[in-house]
Structures are given as C-alpha cells and as structure tokens.
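Protein chains in written order, with our numbering: chain A, 3 to 105; chain B, 3 to 105.
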DNA sequence: TAAACATATTGATGAACATCTATATTATCG
DNA sequence: CGATAATATAGATGTTCATCAATATGTTTA
C-alpha cells in the first residue's frame, strides 16, 4: 500500500505525541474501543480524548465506526504497516530486504 | 538493542518535523555530511540546520564527529532500527514475525 | 597575529498544539 | 416528550517549537 506524502507527514505528527501513542497502543492491544473506554484508561478530559482520536482518524491510523450513540475505534494495520515500510525506506533501513521473494 | 523510553519519545518527536526528516533522509542517502553540506541542500538558515542536527544527535539517530573546524554527521542505523522495531512492537505489527529464525 | 571560515548559542517571534471548561449535537430510555 | 448519556465542537490558555538575525566560539590559513 502506498502512502501519500501528506498522509506520511500527518502520521509522523500523530505519532509524536506520547498521549496519542498511548491511546493508539491501547487500541492495538484491545482491538476495538469506544471513546469512553479509551478515556477510562487515561487521566485526560473527554474532549482531549475526542481530539486525539480525531487526529488519529484523520491520519488514517485508526478507523471510526459509529454505532448508534457510541463510536468505536480500531487500528488500521494496513496504514500503520505502510507507514513503517515507508519510514524504513526513507531511512535506508531496508537495503538488504529490498524485494523479498516468497517462494 | 533496547531503547530507553526517553529516547523513544525523543526520536518520535525528532521524526515529526518534515525538515528534520528531510535532513535525516539526506544523511541516510549520502552517508556522511558536514553542517554546511547539509545546509546547502535546503533553504533554511545555518542556525536552523545546526539546531536540527543537534536535535537528531540528542535523539541519537545521528552521530557527530568533530574533525577540526568541521563537524561530520552520519546516521546511527542501530538506533533507527531499534526505534522501528519498538514502534512495530507497540503498534502490534509484529505478531506473526515475533521471533524470526534464521537457519 | 589577523582575517576568514565553520559551527554553536542566544534571544526574539510567530505558529502549532495539548489541554481544559463550557456548550452543542445526537442518540437512547423511561 | 424529557432526562440522561456519548461524543463533538468552540473558544481560551499556556507551552512547545521552528525559524531567524545577531553574536559568540573555535579553527585554519595567509
């Protein structure tokens, strides 16, 4: 999967904040959570959680699923993998594994 | 190689800025550059380049080598690899490849 | 030693941002 | 319908930060 430059930039920024990384990690571990559940894990206000989730969603590293009054979020592994790959590519960390063959 | 939490945080922040990523990428491509050479590639002032290189060095993603009046910088691949691994671990991107065996 | 050069530091400025309180919006339930 | 609950938005505030001009520090060379 190919990431637009704009998305790559946005993801880098999204991952820069420790609180946002913690939220993302929690989502990665639990699979799927709603806003309130996420908030319960951390000592920040509800609007702050909402804001962070929005940032993560805008960067497409999480996906939002509205179910009635609730709003579930889950990690987008495809985007995260693409981000890590692109990061490795840019940093020259994948020279040896350039085109891995599966036989 | 194990990254201290503090280092992981600092690297995430260091990678958040596009200008710093561009500098790092340039260093990854060319291997080794001094301050002036780095500056020549971008349209920013000398103090700004110096500042960014310092941030990258503080995060240990580049290493500094003073040679007389010049100052050479090169990428620290070990730290960058460790960062990417830790990132993958936290984001749950390595479930399948947990302990890759080389036979 | 004086001038020229490479890099670092200082201090200032404007923008971005994390966070909060207050409030709005939308959905459920009695 | 009215109350309660979940999430979002608006606006404010303090902090962090990217950047620059000016200057300092350290190094080479004429």
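Just so you know, even glycine gets a beta-carbon here, dropped at the ideal spot from N, CA and C. This structure is a prediction, so every number in the text was calculated from the model and none was measured.
Does the Cβ-Cβ distance between residue 77/B and residue 6/B come in under 7 angstroms? For residue 77/B and residue 6/B, no; Cβs fall outside 7 angstroms.
Taking only beta carbons into account, state which residues of the stretch 53 to 65 of chain B come closer than 8 angstroms to chain A, listed in chain order. Using a CB distance below 8 angstroms, no part of the stretch 53 to 65 of chain B faces chain A.
For a minimum of 4 consecutive residues, which ranges assigned as the alpha helix (DSSP H) are wholly contained in the stretch 3 to 79 of chain B? Those alpha helix (DSSP H) runs which fall completely within the stretch 3 to 79 of chain B and span 4+ residues are 7 to 16, 20 to 32, 37 to 43 and 48 to 60.
Roughly how many whole angstroms lie between the Cα atoms of residue 41/A and residue 48/A? About 6 angstroms.
Give the residues from the stretch 79 to 91 of chain A that approach chain B closer than 8 angstroms (Cβ to any Cβ), ordered along the chain. Here the close residues are 79, 82, 83, 86, 89 and 90.
Less than 7 angstroms separating the beta-carbons of residue 64/A and residue 58/A? Going by C-beta atoms, residue 64/A is nearer than 7 angstroms to residue 58/A.
Under 8 angstroms Cβ to Cβ from residue 66/A, same chain only, skipping five residues before and after it: list those, please. The answer, listed in chain order, is 55, 59, 73, 74 and 75.
Does chain A have any CB closer than 7 angstroms to the CB of residue 95/B? Residue-level contact check: residue 95/B touches chain A, since one or more beta carbons of chain A fall below 7 angstroms from its beta carbon.
Would you mind giving the Cβ-Cβ distance between residue 14/A and residue 18/B, rounded to the nearest angstrom? I have them listed as a contact below 8 angstroms. The pair is a contact, with the Cβ atoms about 5 angstroms apart (cut-off 8 angstroms).
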